[in-house]
Amino acid sequence: MTAASPSLGGARGSGESFIEPVMIRIPGQCFSMGCEIGRDDEKPVHRVWVDSFELAAYQVTNAEYQCFLAATNASEPPFWTDPNFNDAKMPVAAVSWNEAMAYCHWLSKATGRSYRLPTEAEWECAARGGAESSTYPWGDSPPGSLPDYANRWRNGPEPVGRYAPYAYGLYNIGENVHEWCSDWYDAGYYSDSPERNPQGPADGVRKASRGGSWRHHIKVSRNSARSSIPPAFQYADYGFRIACSCAG
Numbered sequence: 010m011t012a013a014s015p016s017l018g019g020a021r022g023s024g025e026s027f028i029e030p031v032m033i034r035i036p037g038q039c040f041s042m043g044c045e046i047g048r049d050d051e052k053p054v055h056r057v058w059v060d061s062f063e064l065a066a067y068q069v070t071n072a073e074y075q076c077f078l079a080a081t082n083a084s085e086p087p088f089w090t091d092p093n094f095n096d097a098k099m100p101v102a103a104v105s106w107n108e109a110m111a112y113c114h115w116l117s118k119a120t121g122r123s124y125r126l127p128t129e130a131e132w133e134c135a136a137r138g139g140a141e142s143s144t145y146p147w148g149d150s151p152p153g154s155l156p157d158y159a160n161r162w163r164n165g166p167e168p169v170g171r172y173a174p175y176a177y178g179l180y181n182i183g184e185n186v187h188e189w190c191s192d193w194y195d196a197g198y199y200s201d202s203p204e205r206n207p208q209g210p211a212d213g214v215r216k217a218s219r220g221g222s223w224r225h226h227i228k229v230s231r232n233s234a235r236s237s238i239p240p241a242f243q244y245a246d247y248g249f250r251i252a253c254s255c256a257g
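Numbering (the numbering used here), first residue to last: 10 to 257.
Quick look at the structure:
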């Protein structure tokens, strides 16, 4: 076992049984979820309370996912050997929601902790970083203002943690790969969402995701922007970041 960090190096298949993720505690808080000038599924803006939870500092990397593959004999995701996607420190890409959940279950069993995917509310709370009016995790400036923007994300994601973290110490949130959430997606869910720890609708056809990606820098990188695809789909710009409920 080792801890994941930007300095995690070497080729995949290091022989580690699992890699313990670096987790960041997000304080419990009430915030305004959604955006009145956003798309229809971001409305209405509504107050939400989210209990304190932990969110991984980094998107799950290829090195971490390699441990899962070795332990479970699960199928490699598409692009696993593609040089644009296979650096050990890049976020694993083209994993379905079902595969992300399988990873969480495996890591939970391996570590004794209850890892899971974050809810949409938890993800947006963390991305806002306590600044309710901010447009993006990095502030109000558009993605083009990010460091070295012109040279990033040419043909795929970049290694995690290459640039400074955003609020709470979260790296790459809102960019690099879209991040799966636990919720089923419903465009009208905000109209009757519970005020405390919303979990999304009971069922659906598509699973929710959040944040922009190497392919969609601007379209859904806003804190409130929502996206979704069916849970079995494996898109080249989809990855995930794990969460964990806080004891007590």
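Using N, Cα and C, we set each Cβ at its ideal position, and we do this for glycine too.
With 16 other CB atoms within 10 Å as the buried threshold, where does residue i fall?
i: C253; result: buried
i: D195; result: buried
i: C76; result: buried
i: S218; result: buried
i: V169; result: buried
i: S230; result: buried
i: L17; result: With a pLDDT of 43 at L17, under the threshold of 50, the modelled position of that residue is not reliable, and the figure given next carries that caveat. L17 comes out buried.
i: T90; result: exposed
i: G153; result: exposed
i: G165; result: buried
i: A211; result: exposed
i: R56; result: exposed
i: A12; result: Its pLDDT being 47, under 50, A12 is placed unreliably in this model, and the coordinates cannot settle the point.
i: A241; result: exposed
i: S26; result: exposed
i: D173; result: The sequence given here places Ala at residue 173; Asp does not occur at that position. Exposed.
i: G138; result: buried
i: G220; result: buried
i: P36; result: exposed
i: E85; result: exposed
Based on Cα-Cα distance, which residue from the options lies nearest to residue i?
i: A256; options: I46, A111, E29 and Y124; result: Y124
i: V45; options: T128, Y199, G139 and T70; result: In the sequence on display, residue 45 carries Glu and not Val. Out of T128, Y199, G139 and T70, Y199 has the C-alpha closest to the C-alpha of E45.
i: E184; options: G248, D201, F242 and A140; result: G248
i: E293; options: G43, S237 and R34; result: Nothing in the structure corresponds to residue 293, since the chain is present only between 10 and 257.
i: D60; options: G121, E131 and G47; result: E131
i: W193; options: L179, R48 and P127; result: P127
i: S233; options: G213, F88 and S143; result: S143
i: Y175; options: P146, P86, E73 and P156; result: P146
i: G213; options: K228, I238, G220 and S202; result: I238
i: P156; options: Y177, N181, A140 and R137; result: N181
i: S191; options: S236, T120 and E129; result: E129
i: S117; options: S41, D246 and P30; result: P30
i: K216; options: E141, G178 and S236; result: S236
i: A135; options: G121, C113, F242 and Q38; result: Q38
i: G260; options: K228, Y244, S105 and I251; result: What is shown of the chain runs 10 to 257, which leaves residue 260 out entirely.
i: V9; options: S41, G138 and E167; result: With the chain covering 10 to 257 only, the question about residue 9 has no answer from this structure.
i: R250; options: W115, S26 and M32; result: M32
i: A140; options: E73, N71, F40 and V186; result: F40
i: G197; options: D50, T120, F88 and A109; result: D50
i: H187; options: S150, W106 and H114; result: W106
i: S202; options: M99, V54 and Y244; result: V54
Taking DSSP's pairing of strands, which residues face residue i in a bridge?
i: H225; result: Its beta-bridge partners do not exist; DSSP assigns none.
i: Y67; result: None, per the DSSP bridge assignment.
i: C253; result: E63 and Y124
i: S143; result: S143 pairs with nothing; no bridge assigned.
i: S236; result: S218
i: Y258; result: Outside the shown range of the chain, which is 10 to 257, sits residue 258, and nothing can be said about it.
i: R205; result: W58
i: G148; result: Y145
Does any C-beta atom of chain B lie closer than 8 Å to the C-beta of residue i?
i: S41; result: The question asks about chain B, but that chain is absent: this structure has only one protein chain.
Sufficient close CB pairs (3 or more, under 8 Å) joining the stretch 71-82 to the stretch 220-234: no
Between the stretch 64-79 and the stretch 145-165, do at least 3 Cβ pairs fall closer than 8 Å? no
Going along the chain, which unbroken runs of the alpha helix (DSSP H) with 4 or more residues stay wholly within the stretch 79-124? Fully enclosed alpha helix (DSSP H) runs of 4 or longer: 106-120.
Just to confirm the assignment: which complete beta strand (DSSP E) runs, minimum length 3, are found wholly within the stretch 151-203? 187-193
Please specify which runs of the beta strand (DSSP E), each continuous and at least 3 residues long, are wholly inside the stretch 32-62, giving them in chain order. 32-35, 38-42 and 55-59
Using 8 Å as the Cβ pair cut-off and three pairs as the minimum, do the stretch 91-98 and the stretch 200-207 touch? no
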